[in-house]
Amino acid sequence: NNSDYSAATIRVKRQAVLKRVRMLFKDRPIEDRVKLEEALKDLSTGDTRAPTVSSPAIGADKVISPLEYERLLQGARSERQRCFMLCLWVTGCRISEMLGIKLANCEQQGERVHIRIMGKGKKERYVWIPLALYSRILAPFGGTV
107 NNSDYSAATI
117 RVKRQAVLKR
127 VRMLFKDRPI
137 EDRVKLEEAL
147 KDLSTGDTRA
157 PTVSSPAIGA
167 DKVISPLEYE
177 RLLQGARSER
187 QRCFMLCLWV
197 TGCRISEMLG
207 IKLANCEQQG
217 ERVHIRIMGK
227 GKKERYVWIP
237 LALYSRILAP
247 FGGTV
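So in my numbering, the last spot in the sequence shown is 251, and the numbers never skip.
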């Protein structure tokens, strides 16, 4: 493939074309639509197959161990830093996601706090933290989380 597009982009564009072709045939007789689906199925083989997207898994060497995490907490210079690390560890959020958390996005539900965050690609997702951690975070940030 000599395209300047990434495999993911090619797949998205390919799906858009397939969707449009199917839409053009939606009012046609069922026999025509069956023939179309058979023809489209042939596009998924050989040279016309969609490229595979390689997404390598994160290796164990990139994930900190619980012992390394404890050392990080002990090395924190302030309670604010400690709270940042606690929140990242408990939620699994990206730093950018955590920095975007606002009080308005936090809702207490029993002993947990439900937090709405804006994830990668502007996708909304939700995480939970224990109420005790939420209270601990509020203290050093003066209620401006």
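Even for Gly, the Cβ is constructed at its ideal location relative to N, Cα and C.
- Between PRO236 and GLU213, the gap from beta carbon to beta carbon reaches 9 Å or more.
- The beta carbon of SER150 sits closer than 8 Å to the beta carbons of ALA156 from its chain, once the five residues preceding and following it are set aside; these are given in chain order.
- Around the Cβ of ILE207, a 10 Å sphere holds 16 or more other Cβ atoms; the residue is buried.
- Between PHE247 and CYS199, the gap from beta carbon to beta carbon reaches 9 Å or more.
- Judged by their CB atoms, MET191 and LEU209 are not nearer to each other than the 9 Å cut-off.
- If the five residues before and after ARG139 are omitted, its C-beta is found closer than 7 Å to the C-beta atoms of PHE131, all from its own chain and listed in chain order.
- Under the criterion of beta carbons closer than 8 Å, ALA114 and THR158 do not qualify as touching, at roughly 10 Å.
- For SER171, the closest alpha carbon among the candidates GLN187, TRP195, ALA182 is that of TRP195.
- Apart from the 5 residues on each side of it in sequence, VAL127 sits with its Cβ closer than 8 Å to the Cβ of LEU142, LEU146 in its chain, given in chain order.
- With a threshold of 16 other beta carbon atoms within 10 Å, ILE164 falls short and is exposed.
- Per DSSP, VAL196 has no beta-bridge partner at all.
- It is roughly 10 Å from the alpha-carbon of VAL118 to the alpha-carbon of LEU124.
- Around the CB of VAL169, fewer than 16 other CB atoms lie within 10 Å, so the residue is classed as exposed.
- By alpha-carbon distance to GLU185, the top candidate from SER241, ILE116, ARG120, LYS229 is SER241.
- Residue pairing by DSSP places VAL159 opposite no residue, since no beta bridge is assigned to it.
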